[in-house]
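In this note's numbering, the protein residues as written are 3 to 102.
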């Protein structure tokens, strides 16, 4: 499988990646731009899709670099919804004593 990466930087916030319709990329998908030392550098969104290329817009303050590796976030389902999970603390709340 060919690695997806940034192949052209247009300005401070838009860039082109080397994947398009043949990789089932659709407009509106989010992607992670990866860094070697950290899990990701910033998040970007696919704006336009062509046969072999996609135009993306970044969200974040990090600089763009030619050759940065990209991971595409494919949704598992069409009706993908995030359901929050509430985690309750096992510690009981302490009652504060009045000082005075």
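For every residue, glycine included, the Cβ atom is placed at its ideal position computed from N, Cα and C.
Exposure of residue i, with buried meaning 16 or more beta-carbon neighbours within 10 Å
i: residue 79; result: With a pLDDT of 47 at residue 79, under the threshold of 50, the modelled position of this residue cannot be trusted, and the question is left open.
i: residue 66; result: buried
i: residue 53; result: exposed
i: residue 56; result: buried
Neighbourhood of residue i by C-beta distance below 8 Å, restricted to the same chain and skipping five residues each side
i: residue 70; result: 7, 8, 35, 36, 37 and 43
i: residue 3; result: Its pLDDT being 49, under 50, residue 3 is placed unreliably in this model, and the value from its coordinates should be taken loosely. Counting only Cβ-Cβ distances below 8 Å, and skipping sequence neighbours, we find nothing.
i: residue 24; result: 53 and 54
CA-to-CA distance, residue j to residue i, given in whole angstroms
i: residue 107; j: residue 74; result: The chain is shown from 3 up to 102; residue 107 falls before or after that span and cannot be answered.
i: residue 1; j: residue 61; result: The structure shown does not extend to residue 1, since the chain is modelled only from 3 to 102, so the question has no answer here.
i: residue 18; j: residue 77; result: 21 Å
For residue i, the residue or residues it bridges with in DSSP
i: residue 46; result: 33 and 60
i: residue 19; result: 8 and 56
i: residue 27; result: According to DSSP, residue 27 bridges with nothing at all.
i: residue 75; result: 32
Interface flag, residue i vs chain C, CB-CB below 8 Å
i: residue 67; result: You won't find chain C in this structure, because it holds only one protein chain.
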